[in-house]
Each structure stands twice: as structure tokens, then as C-alpha cells.
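What follows is a single structure, written as C-alpha cells, with notes after it.
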């Protein structure tokens, strides 16, 4: 159940080849609404080729995604024609992502099943490095980041995310106990701690942002609803999705979203550069 929950509530929900440009119509699908919300926050910009605002991917790039999960990030990047390297401890996810990339114009795809300690990749390989919602799981974040830095080229851009403490603190008394146990979230990083980890790894922080009020509230209600994730049909969840779509559809919806994302956020995102 928790792996499925992570699939829907990770910082970057896996998009379709073209992420929706308009809010979903008809019955509200919480996944599609979450994808639309993520797009409003700067993810998956088809027009600018930005995986996330400030993180442009081109066909000239070699992009490494560590902890690739279900492949949403790398599918977007593969559609830009980049060389893609994926690494994940879960062999099934690596294979599923490899298959997902087969319909993209990625100029090459390289796959690794690994715990990333160390990464089986040569020094200075990647011009773009992505690792979303992974650091909170690893035993030694400093060692993990050191490996990411090692394999990046000079000047490489990094896109890193971890859960925001505002959301994690909300879940503490309601989440299933295993949510905060290994191999799931074994640490909560404050904004200052996250920035310090990235800086101490030798990267220059370009931006630090947060988003995801929608998913934070959805998760909170999910624990209370006590439904099975394969069919999360419950009035609490249905009404929340309908309410959030109505908020986004309102004249000042974007302003309301921005204000709420600043108070309670599912994730914090850092873009950094290797000197």
C-alpha cells in the first residue's frame, strides 16, 4: 500500500506523454488533478522543456535519474531526446521504466539496479542529475549526495526533492506506523537541513521552493478514511478533490494555491549546480 501511495503522492506524479494543459473535466480523478496541480507548480513544461521550473532538458543532455520510480521524470526527459540513465534499487521499476522509455526519442537508455552505494557510473558522466523523494529513505544522505556529485559533470544541474516537514508533521499521528519506518521515511529534513546537505556536498543552490498543499491534505484524509488504496472511494477524499478543483477553477485559484503551498507543502525542491 505504501509503495502505491508514494506513486500518487511523490513530488512528481508520472505524467502522460503530454501533461494536461487544462484542469480535468467531469468526475474528479485525484491523480490527474494532482498532475495538473504539479504542472501549475512548474513541473512538466512542454513549451520550455523544463522538467521543473529552471531545469531545462535538451537532446544534448545526459540525464541520470536516481530512484527513478515509475519513470515519470525520465519519460518527460526522454521525449526531449536526451540520453537517459536510470538507477533504482527495485529491479521491477527499472524494467518498467526501461519499457516506458521505449516509445520516446531518447538517444540512448542505460539501466542500473543498484542501492547507489556506490553508483556503477563513471565520474563526470551526467549533465543533468535528478533524484526526487529519495534522500528521506537512505541511511547516509551525505554519502548518497556525494555519489550524485561524483557522477555529475562540471556545470551539471541537479534537481532534488524531499518531503517538506510541514506535511510530514501533519501525518505523524494519523499515518500507518510503517510510513515512518525503514524502508520508507526514516527522517524528516527541515528546509535548513536540506539546504545544508546540498551545500556541504559541494553544490551551489540556485533555487529552493515548495509545493503540494493538495496532496498533503489528500494524504491526511486518506489515513482517516481507512480505505484500500486500490479503490480510495470515500466521501472525505471525493469531496476534497472536488473542492480543490473548484479552488483552482476560481478567479484567484492560482493565488490561493500559492498561499496554501507556502504554509503546508508536500515537497521541497532544490535546483543546484556543480561548480
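Numbering (UniProt numbering), first residue to last: 1 to 275.
All C-beta atoms, glycine included, are put in the ideal place defined by N, C-alpha and C.
The structure displayed is predicted, hence computed values, not measured ones.
Considering only the beta carbon of each residue, do residue 174 and residue 133 sit closer than 8 Å? No, they are not a contact pair.
Quick check on the DSSP output: the beta strand (DSSP E) that includes residue 162 runs from which residue to which? 152-163
Give the secondary structure of residue 125 by DSSP, where H, G and I count as helix, E and B as strand, and everything else as coil. Reduced to three states, the DSSP call for residue 125 is coil.
What beta strand (DSSP E) runs, 3 residues minimum, are completely inside the UniProt domain "Methyltransferase type 11" (64-158)? 83-88, 108-113, 126-132
Top-ranked residue by Cα proximity to residue 143, from 117, 97, 237, 244: Ranking 117, 97, 237, 244 by Cα distance to residue 143 puts 117 first.
Straight-line CA distance for residue 210 to residue 265? 6 Å
Anyone know if the C-beta pair for residue 192 and residue 149 falls short of 8 Å? no
Taking its Cβ as the centre, do 16 or more other Cβ atoms sit within 10 Å of residue 229, making it buried, or is it exposed? That one is exposed.
Taking the Cβ atom as the reference point for each residue, do residue 189 and residue 242 lie within a distance shorter than 8 Å? no
Would residue 48 and residue 57 qualify as a contact pair, given that the criterion is a beta-carbon distance under 8 Å? no
Taking one C-beta from the segment 72-87 and one from the segment 97-105 each time, how about it: are there three or more such pairs within less than 8 Å? These segments touch.
Identified DSSP bridge partners for residue 43: 52
Can you tell me the Cα-Cα spacing of residue 80 and residue 255, whole angstroms? Going by the C-alpha atoms only, they are around 31 Å apart.
Given that a residue counts as buried once 16 or more other Cβ atoms are within 10 Å of its Cβ, and exposed if not, what is residue 177? exposed
How is the beta strand (DSSP E) around residue 271 delimited, first residue to last? First-last of the beta strand (DSSP E) with residue 271: 267-273.
Just tell me which of 96, 138, 184, 85 has its CA closest to the CA of residue 120. 85
Is it the case that the Cβ atoms of residue 167 and residue 212 are separated by a distance below 8 Å? yes
In the structure shown, what three-state DSSP assignment does residue 186 receive? coil
Could you pull the start and end residues of the alpha helix (DSSP H) that residue 179 belongs to? No alpha helix (DSSP H) contains residue 179, which DSSP labels as neither H nor E.
Rounded C-alpha distance that separates residue 219 from residue 204: 33 Å
Between the Cα of residue 42 and those of 247, 208, 238, 252, spot the shortest distance and give me the residue it belongs to. Among 247, 208, 238, 252, the Cα nearest to that of residue 42 is on 208.
Would you mind working out which of 62, 94, 182, 252 sits nearest residue 153, comparing C-alpha positions? 62
Grab me the residues of residue 273's own chain with a C-beta within less than 8 Å of its C-beta, minus the 5 sequence neighbours each way, in chain order. 155, 156, 157, 158, 203, 204, 206
Which value, in whole angstroms, describes the spacing of the CA atoms of residue 172 and residue 236? Their Cα atoms are separated by approximately 19 Å.
Buried or exposed: residue 127, going by 16 or more other Cβ atoms within 10 Å of its Cβ? buried
So the candidates are 124, 69, 217; which of them puts its Cα closest to the Cα of residue 146? 124
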